[in-house]
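So the sequences go chain by chain: A and B.
Numbers 38 to 155, taken from our numbering, label the letters of the first sequence in order.
Numbers 178 to 289, taken from our numbering, label the letters of the second sequence in order.
Cβ atoms here follow ideal geometry from the backbone N, Cα and C, with glycine treated the same way.
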Amino acid sequence: NAGVTQTPKFQVLKTGQSMTLQCAQDMNHEYMSWYRQDPGMGLRLIHYSVGAGITDQGEVPNGYNVSRSTTEDFPLRLLSAAPSQTSVYFCASSYEVTGLIGNTGELFFGEGSRLTVL
Amino acid sequence: LAKTTQPISMDSYEGQEVNITCSHNNIATNDYITWYQQFPSQGPRFIIQGYKTKVTNEVASLFIPADRKSSTLSLPRVSLSDTAVYYCLVGDIQTGYSTLTFGKGTMLLVSP
């Protein structure tokens with residue numbers, strides 16, 4: 038099983054450019070989410086989705102858009118990149134929306150996408 | 178959301194038992210305690226989860242006292258490959274993973 042796959046692994050952008058970070062999971066997970074990780078800050082939730090067609094904002098949503106047209110995919114869009122968005126981005130998914138129905142309460146993470154905005 | 182406090186870093190040697198304590202004084206009745214491990218350049222990986230008393234799996238044990246205001250992750254006989262950042266999360270996962278907050282974690286360094 039591929040699990041959670043993120044592309045690209047590395048990307049360099051200029052300020053004002055747009056791009057999409059891709060996230061795909063092959064585990065039929067209902068819940069998907071995006072985090073960013075900055076040095077000394079831990080992981081912060083950007084957006085999440087509890088199923089196809091449903092998305093919601095997390096702790097730091099400004100500057101990012103998401104959509105969930107299929108169960109498998111949850112792309113993160115940067116419409117106009119800023120240097121403050123330089124970070125490592127992680128996509129995570131889980132089988133159930135909540136943590137205890139039918140599983141151990143586990144989030145599965147991708148390997149991350151390192152983005153640098155100049 | 179319950180706030181957690183962990184040591185910023187810990188050092189250990191191969192073969193020793195390591196105990197990482199997390200403080201969560203304002204934990205709510207419906208909150209669960211979850212620990213994740215993160216290696217450099219990788220996403221976090223689930224280790225263990227519990228609500229009260231003791232939970233054990235093939236990787237670690239989680240000790241939670243009766244008042245649930247703290248928890249201790251215990252790693253038996255660590256090896257060099259256990260060098261990683263360990264995160265303690267507290268939240269009501271029954272209402273959704275969006276309630277979980279990753280703090281700064283504890284950087285565990287295991288030396289030969």
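Confirm the yes/no value for this check: CB of residue i, any heavy atom of the ligand NAD, distance under 7 Å.
i	result
Ser106(A)	With respect to small molecules bound, the structure shown includes none, and the ligand NAD cannot be examined in it.
Just verifying my parser: in three-state terms, what is the DSSP assignment at residue i?
i	result
Asn140(A)	The predicted model places Asn140(A) with a pLDDT of 46, which falls under 50 and marks its position as unreliable; any figure quoted below should be read in that light. If DSSP states are grouped into helix, strand and coil, Asn140(A) belongs with coil.
Asp110(A)	strand
Asp93(A)	strand
Thr283(B)	strand
Ser275(B)	helix
Asp269(B)	coil
Thr182(B)	strand
Gln59(A)	strand
Gln122(A)	helix
Ser258(B)	helix
Ser104(A)	coil
Ile224(B)	strand
Phe127(A)	strand
Gly79(A)	strand
Lys46(A)	coil
Asn196(B)	strand
Short check: CB of residue i to CB of residue j, under 8 Å?
i	j	result
Val41(A)	Gln74(A)	no
Leu113(A)	Val103(A)	yes
Leu266(B)	Tyr228(B)	no
Leu277(B)	Thr211(B)	yes
Cys128(A)	Met69(A)	yes
Leu257(B)	Val287(B)	yes
Thr260(B)	Asn196(B)	no
Leu155(A)	Val87(A)	no
Gly280(B)	Tyr263(B)	no
Gly95(A)	Leu82(A)	yes
What distance in whole Å lies between the Cβ atoms of residue j and residue i, which are believed to be in contact at a cut-off of 8 Å?
i	j	result
Ser238(B)	Lys231(B)	6 Å
Tyr274(B)	Ser131(A)	6 Å
Met56(A)	Leu115(A)	6 Å
Glu148(A)	Gly282(B)	Contact doesn't hold; Cβ gap of about 18 Å is too wide.
Gly100(A)	Gln122(A)	6 Å
Ser150(A)	Pro45(A)	6 Å
Residues of chain B with CB closer than 9 Å to the CB of residue i, please, in chain order.
i	result
Phe127(A)	Gly220, Pro221
Output, in chain order, the set of chain B residues within a Cβ distance shorter than 7 Å of residue i.
i	result
Leu144(A)	Phe223, Tyr274
Tyr132(A)	Simply none; closest approach about 11 Å.
Leu160(A)	Outside the displayed span of chain A (38 to 155) sits residue 160(A), for which this structure offers no information.
Tyr101(A)	Residues of chain B passing the Cβ test: none, with the nearest at roughly 15 Å.
- Query: When Cβ atoms are compared, which residues of the stretch 230-241 of chain B fall closer than 8 Å to chain A?
  - Reply: none
- Query: For the stretch 275-289 of chain B, which residues have a beta carbon sitting closer than 7 Å to at least one beta carbon of chain A?
  - Reply: Ser275, Phe279, Gly280, Lys281, Gly282
- Identify each residue in the stretch 60-92 of chain A for which the Cβ-Cβ distance to at least one residue of chain B is less than 9 Å, and report them in chain order. Of all residues in the stretch 60-92 of chain A, those with a C-beta nearer than 9 Å to a C-beta of chain B are Tyr68, Ser70, Tyr72, Gln74, Gly77, Met78, Gly79, Leu80, Arg81, Leu82, Tyr85, Val87, reading in chain order.
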